[in-house]
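Engineer: In case it helps, the numbering used here puts the sequence shown at residues 3 to 263. Pasting in a structure now, in structure tokens, and then I'll have a few things to ask.
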Amino acid sequence: MAIKGKNRARSGGSRRVIAAPPRPQLVVRKKQVWQRRGVWIGAGALVVAVILVLALNSVRTHHRAAERQTIADFVSTYSLLLTGKFPPDATTLPPTGYNIYPQLAADIASLEAGTLSGDTLKTKGSSLTTSASTSGDAIDKLDVTKIIPAKADVFEVGDVRGPGATRLALGDGQFLIVQAFHVYAQIGGLFSSAVGLDAAGRKAIAAQAQALSQEAQSLFNRGWQEVINIKTAFGLNTQQPFNPPPPASPPVSPTPSVSPS
Numbered sequence: 003m004a005i006k007g008k009n010r011a012r013s014g015g016s017r018r019v020i021a022a023p024p025r026p027q028l029v030v031r032k033k034q035v036w037q038r039r040g041v042w043i044g045a046g047a048l049v050v051a052v053i054l055v056l057a058l059n060s061v062r063t064h065h066r067a068a069e070r071q072t073i074a075d076f077v078s079t080y081s082l083l084l085t086g087k088f089p090p091d092a093t094t095l096p097p098t099g100y101n102i103y104p105q106l107a108a109d110i111a112s113l114e115a116g117t118l119s120g121d122t123l124k125t126k127g128s129s130l131t132t133s134a135s136t137s138g139d140a141i142d143k144l145d146v147t148k149i150i151p152a153k154a155d156v157f158e159v160g161d162v163r164g165p166g167a168t169r170l171a172l173g174d175g176q177f178l179i180v181q182a183f184h185v186y187a188q189i190g191g192l193f194s195s196a197v198g199l200d201a202a203g204r205k206a207i208a209a210q211a212q213a214l215s216q217e218a219q220s221l222f223n224r225g226w227q228e229v230i231n232i233k234t235a236f237g238l239n240t241q242q243p244f245n246p247p248p249p250a251s252p253p254v255s256p257t258p259s260v261s262p263s
């Protein structure tokens with residue numbers, strides 16, 4: 003005879019097992035870009051690099067400005083030495099020019115007109131030759147290489163640069179100025195050669211003197227312009243006031259003697 007209780011116990015004991023749910027995965031949230039340590043380190047390094055670059059550029063700019071000012075001072079010194087060799091009676095022609103022998107044009111006109119005596123012609127000719135030769139020789143002895151440093155790289159043309167360019171430009175100008183004084187010395191020789199000539203001879207000599215005077219002034223202007231261009235490139239003042247020649251002293255009338263009464 004079957005026992006019902008046991009069957010019920012067995013059938014009731016077989017229960018269905020429910021599987022455990024999967025464990026939740028651990029998700030690590032990434033920090034925002036501005037919260038990352040590496041970003042801050044990189045940004046700091048970038049800021050330091052920018053500061054260093056700006057500081058180096060500032061130092062270089064200051065150094066270049068100081069170096070340029072030093073060279074400008076040398077150019078100014080050279081200009082003063084050069085003009086110091088000009089004849090004492092040279093006058094300025096604003097804004098930047100010079101009239102080396104302001105009395106020469108009038109003397110040539112007097113030579114042509116025959117109003118100068120033989121002694122006066124000799125005196126004027128000798129004086130002009132001596133003055134021009136003295137100035138030309140003195141300027142020729144100016145050594146640009148000992149005044150202007152080789153690193154000066156400014157030429158009279160703005161886009162041309164290179165070591166020694168400033169020396170080259172000033173040297174070219176100096177050469178032209180020396181040649182101008184050599185031509186002025188030749189004019190002095192013409193005055194001396196006009197002594198004793200007739201009217202036709204004096205006019206011929208005066209025409210030669212006039213042509214040489216124009217050539218000399220042209221040579222001087224070209225040479226002096228080289229100096230002006232370099233001074234302008236360095237920001238130096240090239241303006242000069244008008245310096246008229248001193249007025250000629252009027253003749254002194256003899257004072258009549260007073261005899262005692």
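Cβ atoms here follow ideal geometry from the backbone N, Cα and C, with glycine treated the same way.
#1: Return the chain-ordered list of same chain residues with a C-beta closer than 8 Å to the C-beta of Pro104, the five sequence neighbours on each side being excluded.
#2: Nearest CA to the CA of Ile149: which residue from Gln212, Phe236 and Leu84?
#3: Only counting the same chain, and skipping five residues up and downstream in sequence, which positions put a Cβ closer than 6 Å to that of Ala182?
#4: If I measure Cβ to Cβ from Thr240 and keep anything under 8 Å in the same chain, skipping five residues before and after, which residues do I get?
#5: Work out the CA separation of Leu172 and Leu106 for me, nearest whole Å.
#6: Give a yes or no on whether the C-beta atoms belonging to Ser133 and Ser194 are separated by under 8 Å.
#7: Following the continuous beta strand (DSSP E) through Leu95, name the residue where it begins and the one where it ends.
#8: With distances taken Cα to Cα, identify the nearest neighbour of Asp174 among Thr122, Leu82, Thr72 and Gly225.
#9: Using DSSP with H/G/I as helix, E/B as strand and the rest coil, what is Tyr100?
#10: Kindly identify the DSSP beta-bridge partner or partners of Val49.
#11: Considering only their Cβ atoms, is the gap separating Ala196 from Gly203 smaller than 8 Å?
#12: Quick check: the stretch 136–144 against the stretch 207–216, are there 3 or more CB pairs under 8 Å?
#13: Where does Val197 fall in DSSP's three states?
#14: For the stretch 98–157, list the beta strand (DSSP E) runs that are entirely contained and at least 3 residues long, ordered along the chain.
#15: One question on the structure: do Gly138 and Val180 come within less than 8 Å of each other, judged by their Cβ atoms?
#16: DSSP three-state label for Thr168, please.
#17: Quick one, which of Thr131, Gly237, Ala167 and Leu199 has its alpha-carbon nearest Gln188's?
#18: Rounding to the nearest angstrom, what Cα-Cα distance links Ala152 and His184 in this structure?
#19: Check Asn239 in the structure and name its three-state DSSP category.
#20: I need the straight-line Cα distance from Ile110 to Thr136, nearest angstrom please.
#21: In angstroms, rounded to a whole number, what distance separates the CA positions of Leu113 and Tyr186?
#22: Name the residue from Thr147, Ala167 and Val146 whose alpha carbon lies nearest to the alpha carbon of Val156.
#23: Quick check: what's the CA-CA separation for Pro24 versus Gly40?
Structural biologist: On the basis of the data shown:
#1: As a first step, residue 104 is located in the sequence shown; it is residue number 102 there, counting from the start. Excluding sequence neighbours, Pro104 sits near Asp91, Ala92, Thr93 and Pro247.
#2: Residue numbering aside, residue 149 sits at position 147 when the sequence shown is read from its first letter. Ile149 has its Cα closest to that of Leu84, out of Gln212, Phe236 and Leu84.
#3: In the sequence shown, residue 182 corresponds to position 180, counting from 1. Within the same chain, Ala182 has close Cβ partners Ala218, Leu221 and Phe222.
#4: Residue mapping note: residue 240 aligns to position 238 of the sequence shown, counting from 1. Excluding sequence neighbours, Thr240 sits near Pro97, Thr98, Ile230, Lys233 and Thr234.
#5: The residue labelled residue 106 in the question sits at position 104 within the sequence shown. The residue labelled residue 172 in the question sits at position 170 within the sequence shown. If I take the Cα positions, the gap works out to 27 Å.
#6: Here the question's residue 133 lines up with position 131 in the sequence shown. Here the question's residue 194 lines up with position 192 in the sequence shown. Against a cut-off of 8 Å, the Cβ pair of Ser194 and Ser133 comes out as no contact.
#7: On the sequence shown, residue 95 is found 93 positions in, with the first residue counted as 1. Residue range Thr93 to Leu95 is occupied by the beta strand (DSSP E) that includes Leu95.
#8: Reading the sequence shown from its first residue, position 172 is the one you call residue 174. Looking only at Thr122, Leu82, Thr72 and Gly225, the smallest Cα-Cα distance to Asp174 is reached by Gly225.
#9: As a working mapping, residue 100 is identified with position 98 in the sequence shown. For Tyr100, the three-state secondary structure derived from DSSP is strand.
#10: Residue 49 sits at position 47 when you count from the first residue of the sequence shown. Val49 is bridged by DSSP to nothing; it lacks a bridge partner.
#11: Counted from its first residue, the sequence shown places residue 203 at position 201. Counted from its first residue, the sequence shown places residue 196 at position 194. Against a cut-off of 8 Å, the Cβ pair of Ala196 and Gly203 comes out as a contact.
#12: Result no; under three Cβ-Cβ pairs closer than 8 Å.
#13: Looking up residue 197 in the sequence shown gives position 195. Of the three classes helix, strand and coil, the one that applies to Val197 here is coil, per DSSP.
#14: If we require 3 residues or more, the beta strand (DSSP E) runs fully inside the stretch 98–157 come out as 99–101.
#15: Residue numbering aside, residue 138 sits at position 136 when the sequence shown is read from its first letter. Residue numbering aside, residue 180 sits at position 178 when the sequence shown is read from its first letter. When the beta-carbon positions are compared, Gly138 and Val180 come within less than 8 Å of each other.
#16: In the sequence shown, counting from the first residue as 1, residue 168 sits at position 166. When secondary structure is reduced to three states using DSSP, Thr168 falls in the helix class.
#17: Along the sequence shown, read from residue 1 onward, the residue named residue 188 stands at position 186. Out of Thr131, Gly237, Ala167 and Leu199, Thr131 has the C-alpha closest to the C-alpha of Gln188.
#18: The residue you call residue 152 lines up with position 150 of the sequence shown. The residue you call residue 184 lines up with position 182 of the sequence shown. CA-CA distance, Ala152 to His184, rounds to 29 Å.
#19: As a working note, residue 239 is residue 237 in the sequence shown. Note: Asn239 maps to coil in three-state DSSP.
#20: Counting from 1 along the sequence shown, the entry for residue 110 is found at position 108. Counting from 1 along the sequence shown, the entry for residue 136 is found at position 134. About 21 Å.
#21: Mapped onto the sequence shown, residue 113 falls at position 111. Mapped onto the sequence shown, residue 186 falls at position 184. Cα atoms of Leu113 and Tyr186: separation of roughly 16 Å, rounded to the nearest angstrom.
#22: The residue labelled residue 156 in the question sits at position 154 within the sequence shown. With distances taken between CA atoms, Val156 lies nearest to Ala167 out of Thr147, Ala167 and Val146.
#23: The count along the sequence shown starts at 1 and reaches residue 24 at position 22. The count along the sequence shown starts at 1 and reaches residue 40 at position 38. Distance from the CA of Pro24 to the CA of Gly40, rounded to the nearest whole angstrom, comes to 36 Å.
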